[in-house]
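J.: Going down the list, the sequences are from chains C and Y. This note's numbering puts the first residue of the first sequence at 72, with every later residue one more than the last. This note's numbering puts the first residue of the second sequence at 5, with every later residue one more than the last. Don't be surprised by glycine CBs; every beta carbon is placed ideally from N, CA and C.
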Amino acid sequence: MILSILLVPLLHVSAQQPDAGQIMSKSRDLSLIGSMSATINLSILEKSGATRNRTIAMTTKSYPDGLEKRFIKFIEPADVRGTAMLVVDNKNVMDEMWIYLPALKKTRRIVSSEKGKSFMSSEFSNADMSSPALSDFVNKHTATSGSNNQWIIESIPVNEDKADEYGYSRKVTYISKDKYQILKMEFYNIDNELFKTIEIKSIFPLQDGKYMIKNMIASNLITNRKSEILFSNINEQVKVDDSFFSLQNLER
Amino acid sequence: MTARIIKYRWVIIGICLLTGISFGLLIPFSKTDPEIRNYVPASMKSRIETDKIENEFGVQDMIVILFCDSSILTSGNLKQIKAIDRDFSRLPGVSSRISPFTVKTIKNSEGMMVADPLIRKIPSDSSEVTELTKEILSNRFARDIVFSSDMTSASITATINRSETEDITLQKVDSIIGAHPGDARILSGGLPYIRNHIMKDVNRDAMIIVPIALIIMLLVLKFTLGDWRSVLKPFTVVLLSTALSMGLIPLLGWKLSIISLLVPIILVAVANNYGIYLVARHQEISLKNGNEPEGSILKELTSSLNMPILFSGLTTIAGILGLLTHSIIPARQVGILAATGVTAALVMSLFFIPALISLTGKKTRNANLKKVKNSWFDGFLNRLAEMIVKHPGRIILSSLILTIILSSGILLVKIETNQEKYFPKNNPLRQASDVINKKFGGSQTISVMVTGDIKSPEIMKGIDDLTMQLEDMNGVGGVFSISQAVREMSKGIYNEGERGYNQIPPSTEGIAQMFELYNMSGDQDDFKQLMNLDNSKAHILIRLSNPENKVINEVKEKITALTNDFPAEVTVGGYALIMADFAGSIIRGQVSSLIFALVTVLILLAIIFRSLKGGIIGSIPLAASILVVFGFMGFSGIALDGATALLSSIMIGVGVDFTIQYMWCFNTQIRKGLSYADATKASIGTIGRSIIINAISVMAGFSALMFSGFTSIRFFGYLVIISIGSCLIGAIVLIPAILMKFRPGFIEKKLSNSKTKKHEKENDLINITSAAFTRVGATA
Numbered sequence: 072m073i074l075s076i077l078l079v080p081l082l083h084v085s086a087q088q089p090d091a092g093q094i095m096s097k098s099r100d101l102s103l104i105g106s107m108s109a110t111i112n113l114s115i116l117e118k119s120g121a122t123r124n125r126t127i128a129m130t131t132k133s134y135p136d137g138l139e140k141r142f143i144k145f146i147e148p149a150d151v152r153g154t155a156m157l158v159v160d161n162k163n164v165m166d167e168m169w170i171y172l173p174a175l176k177k178t179r180r181i182v183s184s185e186k187g188k189s190f191m192s193s194e195f196s197n198a199d200m201s202s203p204a205l206s207d208f209v210n211k212h213t214a215t216s217g218s219n220n221q222w223i224i225e226s227i228p229v230n231e232d233k234a235d236e237y238g239y240s241r242k243v244t245y246i247s248k249d250k251y252q253i254l255k256m257e258f259y260n261i262d263n264e265l266f267k268t269i270e271i272k273s274i275f276p277l278q279d280g281k282y283m284i285k286n287m288i289a290s291n292l293i294t295n296r297k298s299e300i301l302f303s304n305i306n307e308q309v310k311v312d313d314s315f316f317s318l319q320n321l322e323r
Numbered sequence: 005m006t007a008r009i010i011k012y013r014w015v016i017i018g019i020c021l022l023t024g025i026s027f028g029l030l031i032p033f034s035k036t037d038p039e040i041r042n043y044v045p046a047s048m049k050s051r052i053e054t055d056k057i058e059n060e061f062g063v064q065d066m067i068v069i070l071f072c073d074s075s076i077l078t079s080g081n082l083k084q085i086k087a088i089d090r091d092f093s094r095l096p097g098v099s100s101r102i103s104p105f106t107v108k109t110i111k112n113s114e115g116m117m118v119a120d121p122l123i124r125k126i127p128s129d130s131s132e133v134t135e136l137t138k139e140i141l142s143n144r145f146a147r148d149i150v151f152s153s154d155m156t157s158a159s160i161t162a163t164i165n166r167s168e169t170e171d172i173t174l175q176k177v178d179s180i181i182g183a184h185p186g187d188a189r190i191l192s193g194g195l196p197y198i199r200n201h202i203m204k205d206v207n208r209d210a211m212i213i214v215p216i217a218l219i220i221m222l223l224v225l226k227f228t229l230g231d232w233r234s235v236l237k238p239f240t241v242v243l244l245s246t247a248l249s250m251g252l253i254p255l256l257g258w259k260l261s262i263i264s265l266l267v268p269i270i271l272v273a274v275a276n277n278y279g280i281y282l283v284a285r286h287q288e289i290s291l292k293n294g295n296e297p298e299g300s301i302l303k304e305l306t307s308s309l310n311m312p313i314l315f316s317g318l319t320t321i322a323g324i325l326g327l328l329t330h331s332i333i334p335a336r337q338v339g340i341l342a343a344t345g346v347t348a349a350l351v352m353s354l355f356f357i358p359a360l361i362s363l364t365g366k367k368t369r370n371a372n373l374k375k376v377k378n379s380w381f382d383g384f385l386n387r388l389a390e391m392i393v394k395h396p397g398r399i400i401l402s403s404l405i406l407t408i409i410l411s412s413g414i415l416l417v418k419i420e421t422n423q424e425k426y427f428p429k430n431n432p433l434r435q436a437s438d439v440i441n442k443k444f445g446g447s448q449t450i451s452v453m454v455t456g457d458i459k460s461p462e463i464m465k466g467i468d469d470l471t472m473q474l475e476d477m478n479g480v481g482g483v484f485s486i487s488q489a490v491r492e493m494s495k496g497i498y499n500e501g502e503r504g505y506n507q508i509p510p511s512t513e514g515i516a517q518m519f520e521l522y523n524m525s526g527d528q529d530d531f532k533q534l535m536n537l538d539n540s541k542a543h544i545l546i547r548l549s550n551p552e553n554k555v556i557n558e559v560k561e562k563i564t565a566l567t568n569d570f571p572a573e574v575t576v577g578g579y580a581l582i583m584a585d586f587a588g589s590i591i592r593g594q595v596s597s598l599i600f601a602l603v604t605v606l607i608l609l610a611i612i613f614r615s616l617k618g619g620i621i622g623s624i625p626l627a628a629s630i631l632v633v634f635g636f637m638g639f640s641g642i643a644l645d646g647a648t649a650l651l652s653s654i655m656i657g658v659g660v661d662f663t664i665q666y667m668w669c670f671n672t673q674i675r676k677g678l679s680y681a682d683a684t685k686a687s688i689g690t691i692g693r694s695i696i697i698n699a700i701s702v703m704a705g706f707s708a709l710m711f712s713g714f715t716s717i718r719f720f721g722y723l724v725i726i727s728i729g730s731c732l733i734g735a736i737v738l739i740p741a742i743l744m745k746f747r748p749g750f751i752e753k754k755l756s757n758s759k760t761k762k763h764e765k766e767n768d769l770i771n772i773t774s775a776a777f778t779r780v781g782a783t784a
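1. Interface residues of chain C around Y:E420 at Cβ under 8 Å?
2. Could you give the uninterrupted runs of the alpha helix (DSSP H) lying entirely in the stretch 100-138 of chain C, keeping only those of 4 residues or more?
3. Report the three-state DSSP secondary structure of C:M72 (helix, strand or coil).
4. Could you tell me whether the Cβ of Y:Q517 comes closer than 8 Å to any Cβ of chain C?
5. Does the stretch 720-732 of chain Y come close enough to the stretch 679-691 of chain Y to have 3 or more Cβ pairs within less than 8 Å?
6. Thinking C-alpha only, which one of Y:Q665, Y:D661, Y:T672, Y:L732 is nearest Y:A275?
7. State the CB to CB distance for the pair Y:T169 and Y:M66, rounded to an integer number of angstroms; the pair is presumed to be in contact (CB under 8 Å).
8. For C:I300 and C:L113, which I take to be in contact (beta-carbon distance under 8 Å), what is that distance rounded to the nearest angstrom?
9. Compute the beta-carbon to beta-carbon distance between Y:D209 and Y:S712, rounded to the nearest angstrom, for a pair I have assumed lies under 8 Å.
10. Using the Cα positions of Y:I642 and Y:I717, report the straight-line distance between them to the nearest angstrom.
11. Does DSSP put Y:F71 in a helix, in a strand, or in coil?
12. Looking only at its own chain, which residues have a Cβ that is under 6 Å from the Cβ of Y:N422, when we skip the five neighbours before and after it?
13. Output, in sequence order along the chain, the residues in the stretch 140-168 of chain C whose CB is closer than 9 Å to any CB in chain Y.
14. Whole angstroms are fine: how far does the CA of Y:L650 sit from the CA of Y:I324?
15. When the cut-off is 8 Å and only beta carbons count, does C:E117 lie next to chain Y?
16. In the DSSP assignment, find the alpha helix (DSSP H) that holds Y:G193 and state where it starts and stops.
17. Enumerate in chain order the residues of its own chain whose CB-to-CB distance from Y:V235 is below 6 Å, with the five nearest sequence positions on each side excluded.
18. For Y:S511, which residues in the same chain have their Cβ closer than 7 Å to its Cβ, ignoring the five residues on either side in sequence?
19. So, using beta-carbon positions, are Y:S640 and Y:Q594 closer together than 8 Å?
20. I'd like to know if Y:M66 contacts chain C, where contact means its C-beta is closer than 8 Å to some C-beta of that chain.
21. Return the residue from the list Y:I57, Y:G479, Y:V241 that minimises the CA-CA distance to Y:N441.
22. What is the residue span of the alpha helix (DSSP H) that Y:R3 lies within?
23. Is it true that the CB of Y:V633 sits closer than 8 Å to the CB of Y:S707?
24. Does the stretch 52-64 of chain Y come close enough to the stretch 533-545 of chain Y that 3 or more CB-CB pairs lie under 8 Å?
25. Could you check whether C:L175 and Y:Q507 sit closer than 8 Å to each other, using their CB atoms as the reference points?
26. Would you identify the three-state DSSP class for C:F190, choosing helix, strand or coil?
27. Nearest-angstrom Cα distance between Y:N165 and Y:I357?
28. Could you name each continuous alpha helix (DSSP H) segment of 4 residues or more that falls completely within the stretch 142-208 of chain Y, going from the start of the chain to the end?
29. Can you list the alpha helix (DSSP H) stretches of 4 or more residues lying completely in the stretch 340-422 of chain Y, in chain order?
30. Using a C-beta cutoff of 8 Å, does C:R123 count as contacting chain Y?
31. Assign Y:V555 to one of two classes, buried (16 or more other C-beta atoms within 10 Å of its C-beta) or exposed (fewer than that).
32. Under 7 Å between beta-carbons, which chain C residues line up against Y:E520? List them in chain order, please.
33. Give me, in chain order, the residues of the same chain whose beta-carbon lies closer than 7 Å to that of Y:K443; leave out the 5 immediate sequence neighbours on both sides.
34. For Y:V439 and Y:P238, what's the separation of their Cα atoms in angstroms?
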């Protein structure tokens, strides 16, 4: 009797809340797009008020095995126009990145095992620009998950290597209960201090409940630097041939 | 006036005590300012330029933690460094770090640009250690920056910000170091540590030196005045005037600096002089005229002494006020504080001491003083007088030759504003500075900020040219600039031997794309100290392995020459440059305060002796002493610095007393109808004795400075003793010889006014002071 009294609230909770991993998985699936192209405006705002803007054209293609390829071409500023990048985002092995520098007429491969590394010097990391593998994290509901029409899920890297790779020890994701869309993410460092947040300001709805983040702001609470990404000219219907993601195309 | 002093004695005593105690109560509110850059005015160009650079690139003051061992590349040492470095990275007060674990290696490997940490894995065997050693020696961002070339030391350099107080950050740094013990010997250095130690040592010095000086003075007073009741009168004046001037520091919103430590010592040494004259004279008059009423004795005392005390006080104040012409802020503050203290001592001596005497006189007047002639001291004075009378010409000539010889050392005088030198050689902080300067390029820096389109090849090549030329200069330990980073990046793009390898790209686009490439593989924060986010400002950081003013000025001149036609705006600043300006201020301040003090004293002497010639002759011992002391500094290697820069004004202020006393006494003797020879003998025998003992008491007061933790303050102590000694010889040897030889007309004129007439008739206007010291003479 006593046992059943003690267990009732737990049973009640588990009955109310779907598995945290499943929520993350569903949310991830809804954000995965086969292929798309967009223009991205990236603004980096320093604490001092100085800003730096980059405009790039990005084309991505996702493959069923989790492989994702991205082709990025710089549009602005003028002195880096024509610079092109090819990223092959392997889920279980090191990412492969190539960059073509037109002024130097050189293509160079960049080696990076750190998904936590900054994306184009912004507060966003490379991992923020893609969909991390679910197997890299242990997910669970936070105490307040389910309230305010939000799932609040804590993701902890499965081991220290993964924590080093992603650059954080804990992430808290706020997901809308009804649409499974990510609203906000909070990142904690090795000392369990909140050091970065990403707020989703607007989304671009796609078919079948899928969606794409259109505008998001990353705030580094340590450096007080902010970065904003704004997608425009989004085309989720784009058909991209595999050969588009090649070194030959990079230098074209 | 004497009647009024007696009438209002309680009011006078009350006001003096209340003022002194009130100001004394403010002293605990004093704060210390160890920041030497605050010594120079905020309007000084180097400060303005440094502020501009720091606004853009943050404060460039670095703490440097050194790890020293016979071989630093052991697994244990590297693990210790890594753990400490990781903990430093979490300190809010630390803005950026350069450590063995933050330095990157940019390589071009199999068509890849690799920006990897220098130490990806701590070496576990000798072959890995050899490999790492090779990598360190070939990495310009590692060799002699995070590892010494001989692999016996490693360093973590961190710039600190103001998010926490410097004191708290340093405490946290120390506690992190303490939490990770290891085999390596750890030394901490850099300007924040130097400032921290200065702050502690200033407080420690104040707690040690001032009491020592007071004890010494108490003993000197006891020795000279005999009974404690007599001792306490001038001693109370010392305490009250010191309390008043030190209490002014928090009241005026000023802060204690190293050199403001000198204020209480100056006052302890000087402020009791007038009181000694009064008390000693009172003892003498009491002995002679014991049956007269106290009011009459007091009247005789004040009428005979007020004039010479006033003149002595005014000349001392004038000398010290010479410090007001200094551009060094604390020097001016010392001038105001010491002059205020001396003024207070003067006023208290003229009112407070007579008021005290009127209360206690009858109890003490007969408790003291027996004229006991001391054969040794008198014999010495007699022989000295004989020699002066017989050979005044030789004395003048030999003094001149000696002064010329000693003053030739002036050419060797060095200016030293390097705070590292404030500490003795065995101090761990000084040892850390020596290792940093010898093996890691130094912790003191000059900064050059270039404003323009940094990606423009003309500007980037200009930066590169400046970097390379400065790197080749003696005394420069290392130069960091964005052009070096660009060169390193080019190595990650081009193969060795290929065109473009280790070169600046020839187009803006080329440089911009190179940065973009680095941003993809490295971290933009890697170069945040060298270039701002929008690439509109670049920072060239020059570390000085020999932060002497000569080197700083040479580097500054080189930068000016190389950037004359620079295609961008150039701002030159940095702590070392402020120090160079500080040195310039010391020289200018020294010259201006010297001229001011000498001219003022000359005018005062001319007024006192009613003759310009009198003013000039009276200034000779001071001028000679200045030459001798600066010559001594040159020969002994003692440099002019923040503290010793105060020397000449204080020397003039204190030393002028002796000349006035001798010339006044000589005038009295001549006016009594004595011949020049007899007047000389009489003056040497009476006032000569007092001057010697007075000088000894001043020297005794300043000798407390030898207990200072700062080399500079200790040197100041030695020098002030030498200068007082020199003024003493000038006053009792050179001046008598000059008067004897040239017999200037002014010395025969009537100097004293009608009020002192009676006393003049009685023949001992100045004899007074001799009485004070007869006890010493007896015991010596």
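T.: Quick look at the numbers:
1. Chain C residues near Y:E420: none, gap ~37 Å exceeds 8 Å.
2. Runs of the alpha helix (DSSP H) inside the stretch 100-138 of chain C: none found.
3. In this prediction, C:M72 scores a pLDDT of 41, lower than 50, which makes its location untrustworthy; the coordinate-derived value is nonetheless stated afterwards. Here C:M72 sits in coil by DSSP.
4. It does; some Cβ of chain C falls within 8 Å.
5. In short, these stretches do not touch, since the Cβ pair count stays below three.
6. When only C-alpha atoms are compared, the closest one is Y:D661.
7. Incorrect: roughly 17 Å between the Cβ atoms, too far for contact.
8. The beta carbons of C:I300 and C:L113 sit about 5 Å from each other, so the pair counts as a contact at 8 Å.
9. Contact between Y:D209 and Y:S712 holds, with the beta-carbon distance rounding to 5 Å and staying under 8 Å.
10. Approximately 11 Å, taken between the alpha carbons.
11. The answer is strand: DSSP assigns Y:F71 an E or B state.
12. By the criterion of a C-beta distance shorter than 6 Å, Y:N422 is surrounded in its chain by P551, once the five residues flanking it on both sides are discounted.
13. So the list reads F145, P148, A149, D150, V151, R152, G153, T154, M156, M168, given in the order they occur along the chain.
14. Those two C-alpha atoms are separated by around 9 Å.
15. Taking Cβ atoms only, chain Y reaches closer than 8 Å to C:E117, which makes this a yes.
16. Element bounds for Y:G193: not the alpha helix (DSSP H) but the beta strand (DSSP E), 189-193.
17. So the qualifying residues of the chain are L225, K226, L229.
18. Excluding its 5 nearest sequence neighbours in each direction, Y:S511 has C-beta neighbours in its own chain below 7 Å: P461, listed in chain order.
19. No; because the gap between Cβ atoms is not below 8 Å, this pair is not in contact.
20. Not closer than 8 Å to any Cβ of chain C, the Cβ of Y:M66 fails to qualify, so no.
21. The shortest C-alpha to C-alpha distance from Y:N441 to any of Y:I57, Y:G479, Y:V241 is the one to Y:G479.
22. There is simply no residue 3 of chain Y to check, as chain Y begins at 5 and stops at 784 in what is shown.
23. For Y:S707 and Y:V633, no; Cβs fall outside 8 Å.
24. Touching, per the Cβ criterion.
25. Taking 8 Å as the Cβ cut-off, Y:Q507 and C:L175 do not qualify as a contacting pair.
26. If DSSP states are grouped into helix, strand and coil, C:F190 belongs with coil.
27. Taking the straight line from one Cα to the other gives about 53 Å.
28. Qualifying alpha helix (DSSP H) stretches, in chain order: 170-183.
29. Restricted to the stretch 340-422 of chain Y, the alpha helix (DSSP H) segments that are unbroken, complete and at least 4 residues in length are 379-394, 396-411, listed in chain order.
30. Taking 8 Å as the threshold, the shortest C-beta distance from C:R123 to chain Y falls below it.
31. Of the residues assessed, Y:V555 falls on the buried side of the cut-off, its CB having 16 or more other CB atoms within 10 angstroms.
32. The answer, in chain order, is V151, T154.
33. Leaving aside the five residues that flank Y:K443 on each side, the residues in its chain whose CB is nearer than 7 Å to its CB run, in chain order, D148, S152, S157.
34. Computed Cα separation, rounded: 50 Å.
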